[in-house]
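Participant:
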């Protein structure tokens, strides 16, 4: 037995093993956890979240103030005047205006989030007109930045915490990025790549030191502007696909923190030198099966485009009976045993447990007969008579999503010999491409909140105007009305609205959501105080690592 994790890593360095490569370091393009992990430690937003989850001013000088002006609402965010970027340049009001505007033109995802408060609704794809109109609604004021909204937007502060990351305008221009002129927005709209994918200049506690793509390793150095001098001097982020290799790195002392799956818990917990720290309920649903009701007719998974062993119609899953079949033939109890080590949370899709309290009802029972009955009702019996081919996409590096895909495939085969099932495993980048292209009948992924508020899940996952629901073909009038009601709801009315929304999502079987994992932080016992950044799932606060008192 190993008595303690060795000191193979230098005392001032923290080495973190993760399982996905970082797609981008651009703060206005990176949306997946693999990117947000480093981004939120290099860049800072106008607001942060304290330990209780309440917003506080970070780059802002005070919390935003909202006033009604005629038919609009104006939000003033006062700004600090003592902030510097990593290159030494002082942060200005113009930098903040530029950064907010740039986030609205660089990716559909960020544009959709900002369109909600600024235009009154999310957009599935940002256009030149919508991008320019949003940019016009963000202006400089004498004391800070001014946002103009057509209606109240209750989760605005939560949105600002995550999606108001600031970059220096002049530096971006020197990198060949957008110059800030509204007339040039069309040339920089939705780029496939940017200079900021690999170059960084933020105000956060760490700056990019190096990025070795061959070894899949990034290193970050604590900046001279960081007031917390007890924070680690250097962070090394490594991508390691094999979960047993990540465990081994942690146990032999060659890494300080390892992203481990629930099934690792018992093995790690039997060894000294490793801390297993249970997290509070996370703002994420993991895993979740996204069911596409309107597949791209040209995608590979459609095959023949007809019922039969070599394909299915693009709109096959628009029939609720076929979606309910998926939920009934999935073995939840076996999933808990094999993927979650027996410990789980019951999410009320599309919301994670912190947004709505986790349900305490027993796990749904595997019911192949009921699933078969739904299959026989789908499309007036045509699906059952002629059969179909269902392609299930899942995540190569995530064992729980692999297990989920296999269990669903087993259930579908038990429903009918006329159902042909294929599982395709992809890395996270290509998997997200399949999801957003509408190319996967069933796609297993996880979903962390774009910001920490129930509305983030309602808007991003079921509002037909948002990018993902548009790609999935979700367009339910009852859901749409509930989302509109939630948008400007006062706090005391919100929970009732979200509970009704969860009931509707379950009735319509819009997603397949197994029990969620109970997460643990797994790290070397030479550290203590390890925390998530702004409570974001899978994103560590690099500054939180502290040498354990007994090791000092």
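Residue numbers (the numbering used here): 272 to 823. Virtual Cβ for every residue (Gly too), placed ideally from N, Cα, C.
With a threshold of 8 Å, are at least 3 pairs of Cβ atoms found where one atom belongs to the segment 718-726 and the other to the segment 419-432?
Facilitator: The answer is yes - the segment 419-432 touches the segment 718-726, with three or more Cβ pairs under 8 Å.
Participant: Can you give me the C-alpha to C-alpha distance between residue 691 and residue 701, rounded to a whole angstrom?
Facilitator: As a first step, residue 691 is located in the chain shown; it is residue number 420 there, counting from the start. As a first step, residue 701 is located in the chain shown; it is residue number 430 there, counting from the start. So the two alpha carbons sit approximately 23 Å from each other.
Participant: Could you check whether the segment 795-803 touches the segment 467-479, counting it as contact only if at least three pairs of C-beta atoms, one from each stretch, sit closer than 8 Å?
Facilitator: no
Participant: Under a Cβ-count criterion, where at least 16 other Cβ atoms within 10 Å of its own Cβ denotes burial, should residue 278 be classed as buried or exposed?
Facilitator: As a first step, residue 278 must be located in the chain shown, where it is residue number 7. Residue confidence is low: residue 278 scores 47 on pLDDT, short of 50, so the model does not pin down where it sits. No coordinate-derived value is stated.
Participant: Determine the burial state of residue 252: buried for a count of at least 16 other Cβ atoms within 10 Å of its Cβ, exposed for fewer.
Facilitator: Any answer about residue 252 is impossible in this case: the structure gives the chain only from 272 up to 823.
Participant: So what does DSSP say about residue 560, is it helix, strand or coil?
Facilitator: Position 289 of the chain shown, counted from the start, is the residue given in the question as residue 560. Reduced to three states, the DSSP call for residue 560 is strand.
Participant: So, helix, strand or coil for residue 419, using DSSP?
Facilitator: Residue 419 sits at position 148 when you count from the first residue of the chain shown. DSSP places residue 419 in strand when its eight states are reduced to three.
Participant: Among 744, 660 and 307, which has the Cα closest to the Cα of residue 468?
Facilitator: The sequence position of residue 468 within the chain shown is 197, counting from 1. Comparing Cα positions, the closest option is 307.
Participant: In or out: residue 437 buried (at least 16 other Cβ within 10 Å) or exposed?
Facilitator: Here the question's residue 437 lines up with position 166 in the chain shown. Taking a 10 Å sphere around the C-beta of residue 437, we find 16 or more other C-beta atoms and assign the residue as buried.
Participant: Can you tell me whether residue 499 is buried or exposed? The criterion is at least 16 other CB atoms within 10 Å of its CB, across all chains shown.
Facilitator: Mapped onto the chain shown, residue 499 falls at position 228. Counting the other Cβ atoms within 10 Å of the Cβ of residue 499 gives fewer than 16, which makes it exposed.
Participant: What is the residue span of the alpha helix (DSSP H) that residue 518 lies within?
Facilitator: The residue given as residue 518 occupies position 247 in the chain shown. Element bounds for residue 518: 514-522.
Participant: What is the rounded straight-line gap between the Cα of residue 352 and the Cα of residue 418?
Facilitator: Residue 352 sits at position 81 when you count from the first residue of the chain shown. Residue 418 sits at position 147 when you count from the first residue of the chain shown. Between residue 352 and residue 418, the C-alpha separation is close to 19 Å.
Participant: I'd like the list of long-range same chain contacts for residue 739, defined as Cβ closer than 8 Å, with 5 residues on each side in sequence excluded.
Facilitator: Taking the chain shown and counting its residues from 1, the one referred to as residue 739 is at position 468. Excluding residues within five positions, the ones whose Cβ falls inside 8 Å are 561, 706, 707, 731 and 732.
Participant: Output needed for residue 703: all residues of its chain with C-beta closer than 8 Å, excluding positions within five of it in sequence on either side, in chain order.
Facilitator: Working through the chain shown from its first residue, we reach residue 703 at position 432. Cβ contact annotation for residue 703 (same chain, cutoff 8 Å, sequence separation greater than five): 303 and 716, in chain order.
Participant: Indicate whether the contact test is met: 3 or more Cβ pairs, each with one atom in the segment 738-756 and one in the segment 514-531, closer than 8 Å.
Facilitator: no
Participant: Could you work out which residue in 734, 811 and 329 is closest to residue 319 when comparing CA atoms only?
Facilitator: One-based indexing of the chain shown puts residue 319 at position 48. Of the candidates 734, 811 and 329, the one whose C-alpha sits nearest the C-alpha of residue 319 is 329.
Participant: Mind pulling the beta strand (DSSP E) runs of 3 or more residues that sit fully within the segment 782-815?
Facilitator: 791-795
Participant: Throw me the rounded Cβ distance for the residue 397 and residue 379 pair, which I believe falls under 8 Å.
Facilitator: Translated into the one-based positions of the chain shown, residue 397 becomes position 126. Translated into the one-based positions of the chain shown, residue 379 becomes position 108. Residue 397 to residue 379, Cβ: 5 Å. Contact.
Participant: Out of curiosity, what's the CA-to-CA distance linking residue 373 and residue 299?
Facilitator: Residue numbering aside, residue 373 sits at position 102 when the chain shown is read from its first letter. Residue numbering aside, residue 299 sits at position 28 when the chain shown is read from its first letter. So the alpha carbons of these two residues sit roughly 7 Å apart.
Participant: Count the other CB atoms, across all protein chains shown, that sit within 10 Å of the CB of residue 791; report buried if there are 16 or more and exposed otherwise.
Facilitator: The residue you call residue 791 lines up with position 520 of the chain shown. With 16 or more other Cβ atoms within 10 Å, it is buried.
Participant: Can you name the start and end residues of the alpha helix (DSSP H) that residue 288 belongs to?
Facilitator: Along the chain shown, read from residue 1 onward, the residue named residue 288 stands at position 17. Here residue 288 belongs to no alpha helix (DSSP H); instead the beta strand (DSSP E) covers 284-289.
Participant: Whose C-beta lies closer than 6 Å to the C-beta of residue 614 among residues of the same chain, with five residues either side of it excluded?
Facilitator: For the purposes of this step, residue 614 is taken as residue 343 along the chain shown, with counting starting at 1. Counting only residues of its own chain and dropping the five nearest sequence neighbours on each side, residue 614 has a CB closer than 6 Å to the CB of 789.
Participant: So what does residue 665 bridge to, in DSSP terms?
Facilitator: Taking the first residue of the chain shown as position 1, residue 665 is located at position 394. DSSP output for residue 665 lists 696 as bridge partner(s).
Participant: Mind checking which residues open and close the alpha helix (DSSP H) that includes residue 375?
Facilitator: Stepping through the chain shown from its first residue, residue 375 is reached at position 104. Residue 375 -> alpha helix (DSSP H) spans 364-377.
Participant: With DSSP as the reference, label residue 399 as helix, strand or coil.
Facilitator: What you label residue 399 is simply residue 128 of the chain shown in a count that begins at 1. Reduced to three states, the DSSP call for residue 399 is helix.
Participant: By DSSP's criteria, residue 510 is part of a beta bridge. Which residues make up the other side?
Facilitator: Looking up residue 510 in the chain shown gives position 239. Answer is 289.
Participant: Could you tell me the distance, in whole angstroms, from the CA atom of residue 820 to the CA atom of residue 288?
Facilitator: Here residue 820 is taken as the residue at index 549 of the chain shown, counted from 1. Here residue 288 is taken as the residue at index 17 of the chain shown, counted from 1. Near 24 Å, if we compare the C-alpha coordinates of residue 288 and residue 820.
Participant: Measuring straight from C-alpha to C-alpha, what distance separates residue 254 and residue 454?
Facilitator: Absent from the structure is residue 254, since the part of the chain shown begins at 272 and ends at 823.
Participant: Rank 410, 435 and 493 by C-alpha distance to the C-alpha of residue 316 and give the top, closest one.
Facilitator: Mapped onto the chain shown, residue 316 falls at position 45. Relative to residue 316, the option among 410, 435 and 493 whose CA is nearest is 435.
Participant: Taking 8 Å as the threshold (C-beta atoms), are residue 291 and residue 674 in contact?
Facilitator: Walking along the chain shown from the start, residue 674 turns up at place 403. Walking along the chain shown from the start, residue 291 turns up at place 20. No. Outside cutoff.
Participant: Quick check: residue 784 and residue 311, are their CB atoms within less than 8 Å of each other?
Facilitator: On the chain shown, residue 784 is found 513 positions in, with the first residue counted as 1. On the chain shown, residue 311 is found 40 positions in, with the first residue counted as 1. No. Outside cutoff.
Participant: I'd like to check one pair, residue 671 with residue 551: are the Cβ atoms closer than 8 Å?
Facilitator: As a position in the chain shown, residue 551 is number 280, starting the count at 1. As a position in the chain shown, residue 671 is number 400, starting the count at 1. No.
Participant: Relative to the C-alpha of residue 710, which candidate in 663, 680, 637 and 685 has its C-alpha closest?
Facilitator: The residue you call residue 710 lines up with position 439 of the chain shown. Taking only the C-alpha atoms, the option nearest residue 710 is 663.
Participant: Look at the alpha carbon of residue 486 and the alpha carbon of residue 305, and state the distance between them as a whole number of angstroms.
Facilitator: The residue labelled residue 486 in the question sits at position 215 within the chain shown. The residue labelled residue 305 in the question sits at position 34 within the chain shown. Spanning the two alpha carbons is a distance of roughly 16 Å.
Participant: Keeping to the same chain, check which residues put their C-beta closer than 6 Å to that of residue 549; ignore five residues upstream and five downstream.
Facilitator: The residue labelled residue 549 in the question sits at position 278 within the chain shown. Once the five neighbours on either side are set aside, the close Cβ partners of residue 549 are 791.
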